[in-house]
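Under UniProt numbering, the sequence shown is numbered contiguously, ending at residue 675. These notes are about the structure you will find just below.
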Amino acid sequence: LKRQIAQATKMQAVGQLAGGVAHDFNNILTAIIGHCDLMAMRHTPGDIDYDDIQQIKHNSNRAAALTRQLLAFSRQQTLRPQVLQLPEVISEISQLIRRLIGETIKLEVKHGRNLGLIRADPGQLEQVIVNLCVNARDAMPEGGRLILQTYSVPASEVRRMRSDIMPIADYIALKVSDTGVGIPQENLSKIFEPFFTTKEVGKGTGLGLSTVYGIVKQTDGFIFANSEMGHGTSFVIYLPVNHSAAPVPQAPVRVEATGEL
Ligand code: ADP
């Protein structure tokens, strides 16, 4: 619990700092990119300065993309939860995922039967899935398999896994597994921390999994990571079934008055 509080406090502090800096920084970058465009107009391809200008612009754009990511991370987005079917959310973005992972990685999607509905912000859920898939891709530079699996988890099993929560309903799990390089044991406890990354500068921000963690938590769920070096990694997200989404009666229920009570 202490670690969870420390993590939450750290996320909040980083979020506030990052949001403030990213906003100002983005304005500065917009000016730099604008001036690059003006300079480029005064040069022609092949000109001695032309390539340098393009380089400045390219890198400024990369910095702008990074600040946008920081802004998205820090923004306390208002949740717009909806009652959803998890497989539908996945099928909405399966084309995007295929494009992200490229041709060398095979995507497999398997859905369990009789999954209940969940209550979540669809946009945020998509972000969670995409972040996990991008990490899986980065862990499989030589190709491999990315498997998305959904299944129901009875409340009793959740209670066994997490003695600190008293589930009132079953959960739905989404398992994202890859056949990638794996995560060293000593890193497993750090991967959800903001800014923890093993990727080279410019490639990783270390914000992907902390964003995932934050969103899953806001959705009243939890996440586990499992990894075996050289074999692969799997993340499992557990989200509570929306127990208030009772089936709508087919016909209005008529209550007969029965005289004396
Ligand atoms: P980033 O992807 O920008 O580095 P994340 O927070 O998404 O930030 O991930 C943190 C780190 O966790 C990664 O740098 C990587 O070392 C590790 N990681 C996350 N997912 C995987 C995975 N599927 N396989 C191997 N390592 C992973």
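Note that the Cβ used here is the ideal one computed from N, Cα and C, for glycine as well. Computed from a predicted structure; not experimentally measured.
Residue i: CB within 7 Å of a non-hydrogen atom of ligand 1
i           : result
residue 613 : yes
residue 579 : no
residue 553 : yes
residue 621 : yes
residue 595 : yes
residue 647 : yes
residue 545 : yes
residue 618 : yes
residue 592 : yes
residue 624 : yes
residue 610 : yes
residue 601 : yes
residue 436 : no
residue 640 : no
residue 550 : yes
residue 605 : yes
Selected residue, minimal CA-CA separation from residue i, among the options
i           : options            : result
residue 656 : 637, 603, 583      : 583
residue 537 : 432, 644, 625      : 625
residue 647 : 534, 546, 566, 658 : 546
residue 525 : 561, 540, 496      : 561
residue 651 : 540, 469, 434      : 540
residue 517 : 554, 507, 529, 638 : 554
residue 496 : 633, 638, 639, 644 : 633
residue 530 : 543, 510, 568      : 568
residue 592 : 469, 456, 523      : 523
residue 508 : 448, 544, 435      : 544
residue 467 : 452, 628, 476      : 452
residue 644 : 627, 481, 556, 436 : 556
residue 606 : 599, 598, 470, 628 : 628
residue 548 : 653, 622, 460      : 622
residue 443 : 476, 434, 519      : 476
Proximity of residue i and residue j at Cβ, strictly below 8 Å
i           : j           : result
residue 586 : residue 500 : yes
residue 533 : residue 521 : no
residue 613 : residue 552 : yes
residue 636 : residue 576 : yes
residue 617 : residue 610 : no
residue 641 : residue 602 : yes
residue 595 : residue 581 : no
residue 440 : residue 479 : no
residue 446 : residue 474 : yes
residue 619 : residue 430 : no
residue 630 : residue 542 : yes
residue 457 : residue 463 : yes
residue 638 : residue 590 : no
residue 436 : residue 481 : yes
Just list the alpha helix (DSSP H) runs in the stretch 517-576, keeping only unbroken ones of 4 residues or longer that don't cross its boundaries, in chain order. Here the runs fully enclosed are 536-552, 569-575.
Secondary structure, beta strand (DSSP E): runs of 3+ residues fully inside the stretch 618-662: With a minimum length of 3 residues, the unbroken runs of beta strand (DSSP E) contained wholly in the stretch 618-662 fall at 636-642, 646-654.
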